[in-house]
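Following: one structure in structure tokens, then a few remarks.
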Amino acid sequence: MSTPVVSTDHLSKWYGQVIGLNDVTVTVAPGVTGLLGPNGAGKSTFMKLMTGQLVPSKGSVSVFGEPIWENPGLYFRIGFCPEQDAFYEQMTGLEWVTSLVRLNGVESSEADRLARRALEYVDLTDAGGKKIGAYSKGMRQRIKMAQAIVHDPELIILDEPLAGMDPILRRKTIRLIKEWGREGKSIIVSSHILHEIESMTSTILLINQGRVLAEGNVHQLRDLIDEHPHTVSIKADRPRVLAREFLTHEDVLSLRFEDKAVVVQTARPDVFYSRLTELAASGELGTIHEVTSPDDNLQAVFEYLVKS
Amino acid sequence: MTPASAPRQPSLLFSTARIFDLSLGQMLWSRRSVFLGLLVGGPVVLAVAVRVVFALFTVGVNVNRARVPGDVVFGVMMWLLYVRFIVPVLGVFYGTAFIADEVDDRTITYLFTRPIPRRAVLFGKYLAYLVCSALLVLPSAMLVFFLIVPTGGGSIAQAFPGLLTDLGMLVIGLAAYGAVFAFVGARVRRPLLIGLLFALGWEPTVLIVPGYLKRLSIAYYLQALVVHDVPQDSGPLVILQAFRESPSLVVALMALAVIVVAALWLAGRVVERREYVLEQ
């Protein structure tokens, strides 16, 4: 049996009185693993523990069989894309990624080559010379991913990488993550949207209120999800035109308008997202800027799981 | 993707140099540097004003009706404005922010998930601070020198070697205060407040308290490096001179070196072991 990429033993983390993670014992095998849970479930805490940014309050966490805390050598093998939208805004994307990969002990010319290659992977070659401060939300997400993969790590940890991306970019990013998985990388990717995780992998860790509720195959959750309507918010140039189109489909249960967004409840998220991606690609009904999904629908499933 | 270069843990020196590269530009063009640039511009403005007044009214600084040469006035400015105020304030504002800025901006994640010793982040930023603060303070001190020294019959040529010593003293002061406040910034929750209390409260207070307490200040050792004599015939300056009890030059330099090394070592140790919880 191959060495697990991450293993935890009764791992707990609390911040004062607040529990971030509670007695988690899991083993993450090589491959793509989705970490699914609503906001505040403990996903980011778990990721910070497995990237050695936090010390366990109790228990232990190992990456590739070694403890990660105070073990910087492991970062050669790990790439981390954090959730926070934080950068050195005055640097260009290329400068930033080059500077970070230089911290891996890479010489200047090699660092430049690796950074350009990483930018190419995330489709940012043309924007590499622009200051990060001028990047769109989607570009900022991708430059974060570029710094995570620039040193060609074995394990890539992505915290909500699709947040704020438009449908086309989401599709590209999902394809990229699957491609890395096929190349033999291990990837741990978090999201609060089952549909996103499902499109990347069938292996999930379900986390809520600091506890891992289930681990295994995502398809077992499908039936449960379908019983709960899924809410999607779409920011677009022409939300009313989009709404008219949505209403012609049976899976759309309701919709309302919020600012420049149309908020849709659908009974079939997979069908809805697929149709939305096609609409965005065709551009027939105007530009779609951002797709977000509140976690109310997932929360309902978690409540069900906790009760059952 | 093809494998990257074979992993070899970068040395502390290499990592420090890379963080220095990454931080220097950020630090130089930060709002903090603009603000502190205005602060170090203060003595220059004062020197220009003094020079203009002297030129227009042919007056000078007089003690007991004797004109005080410009190099003495410069020495007083050096001690009171630079060593006792500007250098500690620069140390506080930069030093306490080495790690705090990265935490507040939530960019520390990118540095702490690279295969470098965490203390290299602190050391690299410390070096960037030394360059940045020296670039602010030294030109200011030089301008003040050239504006003030010729007044009252002072001679630039004669005073120039003293200027070089002063500039060296300022750099040593920046190094010492920066190291101490780097430790404060890494260790305590409200580093700026604690730092200001130390720089502007503790330091001037213990210097005028008789006994050994003054040895727990940086200014005590720095004043041993001051080459200028302070005129003793005016009230406040006599008091000032009376408390200028200084250690020998060798002792002062050794003490300052110990302060720098010990403070940086402690700060590095704190950064290695402390977890930084970022606000979401």
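Line by line, the protein sequences are chains A and B.
Residues in the first sequence are numbered from 1 upward in steps of one, following the numbering used here.
Residues in the second sequence are numbered from 1001 upward in steps of one, following the numbering used here.
The beta-carbon is built from N, C-alpha and C at its ideal position, and this holds for glycine as well.
Output yes if chain A places a C-beta closer than 8 Å to the C-beta of Phe1112/B; else output no. Yes, Phe1112/B counts as interfacial toward chain A.
Return yes when the Cβ of Gly20/A is within less than 8 Å of the Cβ of Thr45/A, no when it is not. A distance below 8 Å separates the beta carbons of Thr45/A and Gly20/A.
What is the C-beta distance between Pro1247/B and Tyr1221/B, in whole angstroms, given that I count them as a contact (C-beta under 8 Å)? Contact flag correct, Cβ pair sits at about 6 Å.
Under the DSSP definition of a beta bridge, which residues are partnered with Gly34/A? Answer by DSSP bridge pairing, in chain order: Val189/A, Ile204/A.
Length of the line joining the Cα atoms of Val1260/B and Arg1187/B: Cα to Cα, the separation comes out at about 16 Å.
Could you tell me whether the Cβ of Gln1223/B comes closer than 8 Å to any Cβ of chain A? Between Gln1223/B and chain A, the shortest Cβ-Cβ separation is not below 8 Å.
Spatial neighbours of Lys13/A in its chain, beta-carbon cut-off 7 Å, leaving aside the 5 residues before and after: Same-chain partners within the cutoff: Gly20, Leu21, Thr45, Leu49, Leu54, Pro56, Ser57.
Is it buried or exposed, Tyr1177/B, if we count other Cβ atoms within 10 angstroms and call 16 or more buried? When all chains shown are included, Tyr1177/B counts as buried.
Please classify Pro1139/B as buried or exposed, where buried requires at least 16 other C-beta atoms within 10 Å of its C-beta. Pro1139/B comes out exposed.
Taking 8 Å as the cut-off, does the stretch 1083-1102 of chain B touch the stretch 32-39 of chain A (at least 3 CB pairs, one atom from each stretch)? In this structure the stretch 32-39 of chain A does not touch the stretch 1083-1102 of chain B; the number of beta carbon pairs closer than 8 Å is below three.
Simplified DSSP state of Val1251/B, which is helix, strand or coil: Of the three classes helix, strand and coil, the one that applies to Val1251/B here is helix, per DSSP.
Using 8 Å for Cβ pairs, my map puts Glu198/A next to Val218/A. What's the rounded Cβ distance? Their Cβ separation, rounded to whole angstroms, is 5 Å, which keeps Glu198/A and Val218/A in contact under 8 Å.
Apart from the five residues just before and just after Val28/A, which ones in its own chain have a Cβ nearer than 8 Å to its Cβ? Taken in chain order, the residues that qualify are Pro4, Val5, Val6, Ser7, Ser186, Ile188, Leu205.
With a threshold of 16 other CB atoms inside 10 Å of the CB of Trp1265/B, please say whether the residue is buried or exposed. It counts as exposed.
Of all Cβ atoms in chain B, is any one closer than 8 Å to the Cβ of Ile78/A? Put simply, the CB of Ile78/A is near chain B, with a gap under 8 Å to one of its CB atoms.
With a Cβ-Cβ cutoff of 8 Å, do Glu110/A and Glu160/A count as a contact? In this structure, Glu110/A keeps its C-beta atom at 8 Å or more from the C-beta atom of Glu160/A.
Please list, in chain order, all residues of the same chain as Cys1132/B whose beta carbon is under 6 Å from its beta carbon, the five residues on each side excluded. Excluding the 5 residues flanking it on each side, Cys1132/B has same chain C-beta neighbours closer than 6 Å at Met1027, Leu1028, in chain order.
Name the two residues that bound the continuous alpha helix (DSSP H) containing Ile95/A. Sequence check: residue 95/A is Glu here, not Ile. Unbroken alpha helix (DSSP H) run through Glu95/A: 93-102.
Give the straight-line distance between the Cα atoms of Leu1130/B and Leu1136/B, rounded to the nearest whole angstrom. Cα-Cα distance, rounded: 10 Å.
Own chain, CB closer than 7 Å to Ala280/A, minus 5 neighbours either side, in chain order: So the qualifying residues of the chain are Asp166, Pro167, Ile168, Ile288.
Quick check on DSSP: helix, strand or coil for Ala86/A? In this structure, Ala86/A counts as coil in the three-state DSSP scheme.
Chain A contacts made by the stretch 1018-1029 of chain B, where a contact means CB separation under 8 Å: Across the stretch 1018-1029 of chain B, CB contacts with chain A closer than 8 Å involve Arg1018, Ile1019, Asp1021, Leu1022, Gly1025, Gln1026, Trp1029, in sequence order along the chain.
Report the rounded CA-to-CA distance for Leu1147/B versus Ile1086/B, giving the unit in angstroms. Per the coordinates, the alpha-carbon of Leu1147/B lies some 19 Å from the alpha-carbon of Ile1086/B.
Supposed close pair Val61/A, Leu94/A - CB separation, criterion 8 Å: Not confirmed; about 34 Å, so no contact.
Just reading off the alpha helix (DSSP H) that Trp14/A is part of, what are its end residues? In the DSSP annotation of this structure, Trp14/A is not part of any alpha helix (DSSP H); the continuous beta strand (DSSP E) holding it starts and ends at 6-15.
Between Gly286/A, Val263/A, Val252/A, which lies nearest to Thr292/A when the distance is taken from Cα to Cα? Checking every option, the nearest Cα to that of Thr292/A belongs to Val263/A.
Neighbouring residues, chain A, relative to Ile1116/B (Cβ below 9 Å): Neighbourhood of Ile1116/B in chain A, by CB distance below 9 Å: Pro72, Tyr75, Leu103, Asn104, Gly105, in chain order.
Tell me whether Gly1075/B is buried or exposed, calling it buried when 16 or more other Cβ atoms sit within 10 Å of its Cβ. With at least 16 other beta carbons inside 10 angstroms of its own, Gly1075/B counts as buried.
Excluding sequence positions up to five away, which residues of its chain have a Cβ less than 6 Å from the Cβ of Leu1213/B? Cβ within range, chain order: Val1206.
Measuring CA to CA, which of Val32/A, Ser254/A, Ile78/A is closest to Thr1109/B? Of the listed residues, the one whose Cα sits closest to Thr1109/B is Ile78/A.
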